[in-house]
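Everything below concerns the one structure shown next.
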Amino acid sequence: MRLTVAQALLRFLANQWSERDGVEQRLVAGCLGIFGHGNVAGIGQALAERGAGTSGDLPYYLARNEQAMVHTAVGYARARDRLSTFACTSSIGPGATNMVTGAALATINRIPVLLLPGDVFATRVADPVLQQLEDPRFPDVTVNDALRPVSRFFDRINRPEQLVASLPAAMRVLADPAETGAVTLALPQDVQAEAYDWPEELFARRVWHVARPVPEPAALARAAELARSSRRPLIVAGGGVVYSGAWRELAGFAARHGVPVGETQAGKGALPYDHPCAVGAVGHTGTAAANELARDADLVIGIGTRYTDFTTASRTLFGQAAGGVRFLNVNVAAFDAAKHSGEMLVADARAALEALGPALDGWRADPDWTARAARLTREWQEQVALLTTGDALTQPVVLGMLNEVAHPTDVVVNAAGSMPGDLHKLWRASDPKSYHVEYGYSCMGYEIAGGLGVKLAVPEREVFVLVGDGSYLMMAQEIATAVQEGVKLVVVLVDNRGFASIGGLSEAVGAGRLGTAYRLRGAGGELDGALLPVDLAANAASLGANVLRADGPESLRLALAEARRATGTTVVYVETVPGPGAETTAWWDVPVAEVSRGEETRRARAAYERARRDRRPYL
1 MRLTVAQALL
11 RFLANQWSER
21 DGVEQRLVAG
31 CLGIFGHGNV
41 AGIGQALAER
51 GAGTSGDLPY
61 YLARNEQAMV
71 HTAVGYARAR
81 DRLSTFACTS
91 SIGPGATNMV
101 TGAALATINR
111 IPVLLLPGDV
121 FATRVADPVL
131 QQLEDPRFPD
141 VTVNDALRPV
151 SRFFDRINRP
161 EQLVASLPAA
171 MRVLADPAET
181 GAVTLALPQD
191 VQAEAYDWPE
201 ELFARRVWHV
211 ARPVPEPAAL
221 ARAAELARSS
231 RRPLIVAGGG
241 VVYSGAWREL
251 AGFAARHGVP
261 VGETQAGKGA
271 LPYDHPCAVG
281 AVGHTGTAAA
291 NELARDADLV
301 IGIGTRYTDF
311 TTASRTLFGQ
321 AAGGVRFLNV
331 NVAAFDAAKH
341 SGEMLVADAR
351 AALEALGPAL
361 DGWRADPDWT
371 ARAARLTREW
381 QEQVALLTTG
391 DALTQPVVLG
401 MLNEVAHPTD
411 VVVNAAGSMP
421 GDLHKLWRAS
431 DPKSYHVEYG
441 YSCMGYEIAG
451 GLGVKLAVPE
461 REVFVLVGDG
471 SYLMMAQEIA
481 TAVQEGVKLV
491 VVLVDNRGFA
501 SIGGLSEAVG
511 AGRLGTAYRL
521 RGAGGELDGA
531 LLPVDLAANA
541 ASLGANVLRA
551 DGPESLRLAL
561 AEARRATGTT
571 VVYVETVPGP
581 GAETTAWWDV
591 PVAEVSRGEE
601 TRRARAAYER
611 ARRDRRPYL
């Protein structure tokens, strides 16, 4: 079958499927792209020839920013439990390097995305081409090599026949939950347009089975023995619980054995907030209830978590009680299961819970431990109610009002700044797919683009995108993509005139909130003048969104309800005021200057020295 490389690539992708538990779906559901001289004559021509309508087998979507389109693919793939994703195509040069941040986000969060950046001429007949990096030491290096360290699979297709071996290898990584992340096929622009006689077998329909690895019997026996020796166990539920669809098994296991369940950012919603064993967020942004239990637990059962520093409070949270703590790690990836010298149970979360439950028949946590967890959680929920209600539009009040207006199956999307911390502690999630906060890379600008991907994946759900003014100014343009595609988003734009989260951190480490407020330069040359005269609501309207402005609690409630009823993308603009927030009950290691002329910095360094004494090696 004689086709160009680009035509063959798209034909192949359209015939790739994933399957888990007997349910099939397209592994690559569509293609997001921005065209330039590195891909317009190759992939662009091939897409045009196939037809790019949304009813086709590989629909095309026009993005506005290359980083943003990778975020959209990530949002889509995460909402589909990593079983389906998008391809992202760019031109060479800045189009390709713009995708590096998105690729890092995907790989860090273990989310599959397929990147197809254009590249220079493989033949080098026209070197140096526009936007080409020339390295006199390594003529084969291009800017696309920047994608190597942030990709789980990388290949440059310098000859058409290389595609035959590379494509199945790339699909295997996309479909493997233990290895997945960004998959990059760099495509020299001359090779994209080159024709080749392809074996027809390459284009046969292929279904990639996504397995549920079961625990190895000896490992299961060791895990059960470890659990039975515990009196004060605590489950830390991570994203693996959600991706494997193990929430029912988790709820049953926790209730049957009386084990409290804390949640990471990716695992929030794995257990409904009102489940008798749910103790809420754990870690630096955790609840007072979960963190008190974490300090006293004698066994931490981590399920589908990679134990980031926010979860472990930079390794100061677990193991504070006499006797220390042990870890039982359930994870599909051995790399994560081995952390903290834990007992490894390498398996799918659902399969592991199904096997571990019967192996622990008759065992329960100490009744006093279970009762203590319930009491602490009740006390915490009383604090949540106080923080999320009031007459002033503080950030917690805004979140509480949105939580009240949103339906249980609606999705809240967020990524960076102070809101992830407040959401982790305060949001009451009832549905395992209703909470979508990107906190592996904590990437400002993910929110609107990621929300677009979520809505494309689950169009039947309402999607609320929470975005601060800092993130909005970095990447708001995908509002125009949502408007163009007729994809409805509700964007709640929270304006506090700067970077509230990093401002607080800056003050805490003695940096004096430098560069964290949006102000003009004052008379003395410092950034301490009048507030910047920027109208973000007007900007959102200029991108095609309907805009509602809220200036008080009742106005906000009405605006959120109206936005939810709307049929098109709507931005609810609200200015927040400083106010009380949820107390931080666990540390986070941000080094403080060891010497300084400033008294505040010296005090911060002394506090830092005291706090890091609690760090545990977990060995």
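Reading the sequence shown from the start, the letters are residues 1 to 619 in UniProt numbering. Note that beta-carbon positions come from the ideal geometry of N, C-alpha and C, so glycine has one too. Since the structure is predicted, the reported quantities are computational estimates derived from the model, not experimental observations.
Pairwise C-alpha distance: residue j and residue i
{"i": "P408", "j": "A227", "result": "33 Å"}
{"i": "G512", "j": "G598", "result": "10 Å"}
{"i": "L27", "j": "T377", "result": "41 Å"}
{"i": "D135", "j": "A104", "result": "24 Å"}
{"i": "R428", "j": "V492", "result": "18 Å"}
{"i": "P260", "j": "A604", "result": "34 Å"}
{"i": "residue 620", "j": "G302", "result": "Past the boundaries of the shown model lies residue 620; the chain is included only from 1 to 619, so the question cannot be answered."}
{"i": "A278", "j": "L130", "result": "56 Å"}
{"i": "L163", "j": "Q7", "result": "12 Å"}
{"i": "F335", "j": "T570", "result": "42 Å"}
{"i": "A482", "j": "A540", "result": "12 Å"}
{"i": "D469", "j": "P553", "result": "19 Å"}
{"i": "D551", "j": "P160", "result": "59 Å"}
{"i": "R497", "j": "V577", "result": "10 Å"}
{"i": "T389", "j": "L520", "result": "33 Å"}
{"i": "L558", "j": "V490", "result": "14 Å"}
{"i": "L83", "j": "R172", "result": "12 Å"}
{"i": "G269", "j": "T180", "result": "23 Å"}
{"i": "N144", "j": "T107", "result": "16 Å"}
{"i": "A223", "j": "A333", "result": "16 Å"}
{"i": "R549", "j": "A537", "result": "8 Å"}
{"i": "P272", "j": "T585", "result": "22 Å"}
{"i": "Q381", "j": "D274", "result": "10 Å"}
Cβ-Cβ separation, residue j to residue i (assumed contact under 8 Å), whole Å
{"i": "residue 625", "j": "P215", "result": "Look at the range of the chain in this structure, 1 to 619, and you will see that residue 625 is not part of it."}
{"i": "Y196", "j": "D81", "result": "The Cβ separation is near 36 Å, so there is no contact."}
{"i": "P459", "j": "V437", "result": "That pair is no contact at about 21 Å."}
{"i": "M401", "j": "L556", "result": "6 Å"}
{"i": "I43", "j": "T89", "result": "5 Å"}
Local Cβ density within 10 Å of residue i, reported as buried at 16 or more and exposed below that
{"i": "G417", "result": "buried"}
{"i": "residue 638", "result": "Summary: the structure shown does not reach residue 638, with the chain confined to residues 1 through 619, and so no result is reported for it."}
{"i": "Q25", "result": "exposed"}
{"i": "G56", "result": "exposed"}
{"i": "M344", "result": "buried"}
{"i": "Q484", "result": "exposed"}
{"i": "F138", "result": "exposed"}
{"i": "P199", "result": "exposed"}
{"i": "H209", "result": "exposed"}
{"i": "T567", "result": "exposed"}
{"i": "G102", "result": "buried"}
{"i": "E379", "result": "exposed"}
{"i": "P117", "result": "buried"}
{"i": "P580", "result": "exposed"}
{"i": "D495", "result": "buried"}
{"i": "M1", "result": "exposed"}
CB contact flag (residue i, residue j, <8 Å)
{"i": "K455", "j": "A582", "result": "no"}
{"i": "T123", "j": "D190", "result": "yes"}
{"i": "A146", "j": "V100", "result": "yes"}
{"i": "A52", "j": "P59", "result": "yes"}
{"i": "P213", "j": "A365", "result": "no"}
{"i": "R565", "j": "S314", "result": "no"}
{"i": "S434", "j": "V412", "result": "yes"}
{"i": "F310", "j": "H340", "result": "no"}
{"i": "R205", "j": "W17", "result": "yes"}
{"i": "A523", "j": "Y76", "result": "no"}
{"i": "I34", "j": "G93", "result": "no"}
{"i": "V509", "j": "V590", "result": "yes"}
{"i": "A237", "j": "G286", "result": "no"}
{"i": "T29", "j": "T85", "result": "Note that residue 29 is Ala in the sequence shown here, rather than Thr. Cβ distance < 8 Å, so A29 and T85 count as in contact."}
{"i": "G319", "j": "G240", "result": "no"}
{"i": "V141", "j": "P188", "result": "no"}
{"i": "R231", "j": "D176", "result": "no"}
{"i": "L353", "j": "E201", "result": "no"}
{"i": "E462", "j": "N414", "result": "no"}
{"i": "A79", "j": "G453", "result": "yes"}
Closer than 7 Å: residue i CB and nearest the ligand ATP heavy atom
{"i": "G51", "result": "With respect to small molecules bound, the structure shown includes none, and the ligand ATP cannot be examined in it."}
| task | Go through the segment 183-244 residue by residue and report every complete run of the alpha helix (DSSP H) that reaches 4 residues or more, in order. | result | List check, alpha helix (DSSP H) in window: 189-192, 217-228 and 239-243.
| field | Any alpha helix (DSSP H) of 4 or more consecutive residues that is wholly inside the segment 521-609 | value | Whole alpha helix (DSSP H) segments, 4+ residues: 536-542 and 553-565.
| task | Within the segment 84-116, note down every full beta strand (DSSP E) run reaching 3 residues or more, in order along the chain. | result | Here the runs fully enclosed are 85-90.
| task | Scan the UniProt domain "Thiamine pyrophosphate enzyme central" (220-356) and note each continuous alpha helix (DSSP H) run of 4 residues or more that stays entirely inside, going in chain order. | result | Complete alpha helix (DSSP H) runs here, min 4: 239-243, 247-257, 288-296, 309-312 and 334-337.
| request: Return the chain-ordered ranges of every alpha helix (DSSP H) run that is complete within the segment 398-484 and spans a minimum of 4 residues. | output: Whole alpha helix (DSSP H) segments, 4+ residues: 419-426, 446-457 and 469-474.
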